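If you're matching positions, the sequence shown starts at 103 in this note's numbering and goes up one per residue.
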Amino acid sequence: MRHWPLTQLTITTPDLVLRVPDDQLLDKLAHLAGQGVHPPEMTVFAQPWTTGTPEEVARNVLRNHWWARADWRGDNWRLHLTAVNRDGHVVGQQNLSARDFATTREARTGFWVGRRHHNRGYGTQMRAAALHLAFALGAERVISTAFAHNGPSRAISAKFGSVPNGIRRIAVDGQLIHVHEFVITRDQSAAQVQPGISVQGLDACRTMFDLPSSRCVRAPVT
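Okay, structure coming up:
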């Protein structure tokens with residue numbers, strides 16, 4: 103898309119392709135979310151967008167993507183990527199966001215995997231893709247969070263060498279939740295290199311991140 107160059111951005115991992123979804127792909131992603139993202143008795147998101155009927159959950163995904171696009175600014179952006187496996191099945195969503203990135207050089211990650219695709223290593227590869235892109239953009243550190251009871255998400259952060267960065271207390275539907283924050287720096291990430299990851303189309307959309315070419319770090323091609 104000429105005036106929305108983010109559509110040219112693609113990240114590949116050994117088993118996945120991540121990209122900004124078109125309407126057809128977004129509809130498949132929303133349908134996947136409606137089929138379930140986590141056990142119904144669990145709370146894993148600060149905004150309870152997974153609560154409701156399958157149709158309501160699916161529409162929550164659509165609204166979130168449309169909002170992120172409409173609200174995009176170079177100093178305040180939220181990149182929502184859809185992950186597709188080798189068989190062409192949508193498996194989940196990987197987010198990367200930042201405020202005043204050109205100054206702070208700090209980004210945040212978040213993700214979800216459709217419940218029927220759990221325990222296949224997709225979450226790990228999605229996080230690897232997000233870190234690869236963040237540091238290719240010139241990030242100096244990346245933040246991730248997980249609820250205290252969300253062991254799998256916390257394990258992914260530990261797997262990449264992220265270190266604890268404090269605990270926050272929030273309320274979700276009247277329930278007290280402890281949110282663990284983790285941080286990984288560029289140097290720490292370099293020591294945890296993940297093979298088989300590449301980024302395409304980054305040059306075409308670098309201005310969307312308020313980064314002129316002289317400040318944009320190219321992603322290595324592997």
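From the three backbone atoms N, C-alpha and C, an ideal C-beta is built for every residue, glycine too. Owing to the predicted nature of the structure, the values given are computational and were not obtained by experimental measurement.
Query: Using the DSSP secondary-structure output, state which residues sit across from Phe-262 in a beta bridge.; Result: Partner(s): none; Phe-262 has no beta bridge.
Query: Going straight from the alpha carbon of Gly-298 to that of Gly-276, what length do you get?; Result: 43 Å
Query: By how many angstroms is the C-alpha of Thr-114 removed from the C-alpha of Val-319?; Result: Confidence at Val-319 is low in this model, with a pLDDT of 48, below 50, so its placement is unreliable and the value that follows should be read with caution. For Val-319 and Thr-114, the distance between alpha carbons rounds to 18 Å.
Query: Can you give the Cα-Cα distance for His-167 and Gln-294, rounded to whole angstroms?; Result: 31 Å
Query: Considering just the uninterrupted stretch of the beta strand (DSSP E) at His-280, what are its terminal residues?; Result: 277 to 287
Query: Check whether the stretch 204 to 224 and the stretch 234 to 247 touch, using three or more Cβ-Cβ pairs below 8 Å as the test.; Result: yes
Query: Can you grab the Cα-Cα spacing for the pair Ala-321 / His-133, in whole Å?; Result: Reliability fails at Ala-321, whose pLDDT of 45 lies under 50, so the model's placement of it is uncertain and no value is given.
Query: Is DSSP giving Asn-221 helix, strand or coil here?; Result: coil
Query: Relative to the alpha-carbon of His-191, which residue among His-219, Phe-284 and Trp-169 has its alpha-carbon at the smallest distance?; Result: His-219
Query: State the Cα-Cα distance for the pair Thr-109 and Thr-153, rounded to the nearest angstrom.; Result: 30 Å
Query: To the nearest angstrom, report how far apart Phe-213 and Ile-258 are at their CA atoms.; Result: 11 Å
Query: Can you tell which of Arg-180, Arg-308, Gly-194 and Ala-306 has the C-alpha that lies nearest to the C-alpha of Ala-160?; Result: Gly-194
Query: I need the straight-line Cα distance from Pro-266 to Glu-283, nearest angstrom please.; Result: 6 Å
Query: Quick check on this structure: which residue in Asn-197, Arg-175, Val-119 and Gly-216 has the alpha carbon closest to the alpha carbon of Leu-131?; Result: Gly-216
Query: Please report how far the alpha carbon of Thr-155 lies from the alpha carbon of Phe-262, in whole angstroms.; Result: 35 Å
Query: Tell me whether Pro-123 is buried or exposed, calling it buried when 16 or more other Cβ atoms sit within 10 Å of its Cβ.; Result: buried
Query: Evaluate Met-228 with the Cβ neighbour count: other Cβ atoms within 10 Å of its Cβ, from every protein chain shown; 16 or more gives buried, anything less gives exposed.; Result: buried
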